[in-house]
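A.B. asks:
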Amino acid sequence: MIKNSKRDYDEDKKGGMEMGEAIFLILALILGITVLFNLGPIIVLAITLSLAYVAFRQYKKAGTTGKKMLWLILCGVFLIASVTNAPAVVGLAAAAILYLLYKNRKEKKDSAGINGNGDDPFVHFEKEWRELSRSYRPNEF
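To convert, note that position 23 of the sequence shown is 22 in numbering that gives the first Met the number 0; the numbers rise steadily by one, no gaps.
1. Assuming I41 contacts L73 under a Cβ cut-off of 8 Å, what Cβ separation, rounded to an integer in Å, is found between them?
2. Measuring CA to CA, which of L48, N103, K105, Y98 is closest to F77?
3. Work out the CA separation of H123 and Y135 for me, nearest whole Å.
4. Quick check on DSSP: helix, strand or coil for M0?
5. To the nearest angstrom, how far is the alpha carbon of G65 from that of L38?
6. Would you call the CB atoms of L28 and N84 closer than 7 Å?
7. Could you give the first and the last residue of the continuous alpha helix (DSSP H) run that contains E130?
8. With 16 as the cutoff for other CB atoms within 10 Å, does W70 come out buried or exposed?
9. Could you give the DSSP three-state label for G65: helix, strand or coil?
10. Near E17, what residues of its chain come up, given a Cβ to Cβ distance below 8 Å and the 5 sequence neighbours on each side ignored?
11. State yes or no: is the C-beta of V53 within less than 7 Å of the C-beta of A94?
12. Helix, strand or coil for E17? Go by DSSP, reduced to three states.
See below:
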């Protein structure tokens, strides 16, 4: 069926979803699944990095050479354990991108309208059209 009028297009648009919204939804779904699948490595990465930080702080506080060596070895072990959780970086990147998409999408919805301040001049179009139709009389000159 060939669409001949703007009215047909507007009716189709009411029930459906815009292409940008569909792409946003699919991208958000993919990023959300990526974050969920990498949640375990993200938690382990946070734990190992925090333990490495504690070991480094204890290394700086240690007074004897033996204690310094012990804390340095522990710090190295925790850093190696954190490197093995490299897939967590993918999950963190997906979470960051998902946050930025959500923030950008929210700002777009907040600034809806042509003027950019939320005032859409076409909100009351039908009311204005009825008033114009009533006042228009073609036979009067």
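Backbone N, C-alpha and C define an ideal beta-carbon position, used for all residues, glycine too. Since the model is a prediction, treat every value here as computed from it, not as a measurement.
C.D. replies: To lay it out plainly:
1. Between L73 and I41 the Cβ distance is about 22 Å, and since that is not below 8 Å, they are no contact.
2. L48
3. 19 Å
4. Residue placement at M0 is poorly supported in this model, since its pLDDT is 49, which falls under 50; the coordinates still yield a value, given next. Of the three classes helix, strand and coil, the one that applies to M0 here is coil, per DSSP.
5. The alpha-carbon separation between G65 and L38 amounts to approximately 37 Å.
6. no
7. 124 to 134
8. buried
9. helix
10. Hits under 8 Å: none found.
11. no
12. Annotated three-state conformation of E17 is coil, per DSSP.
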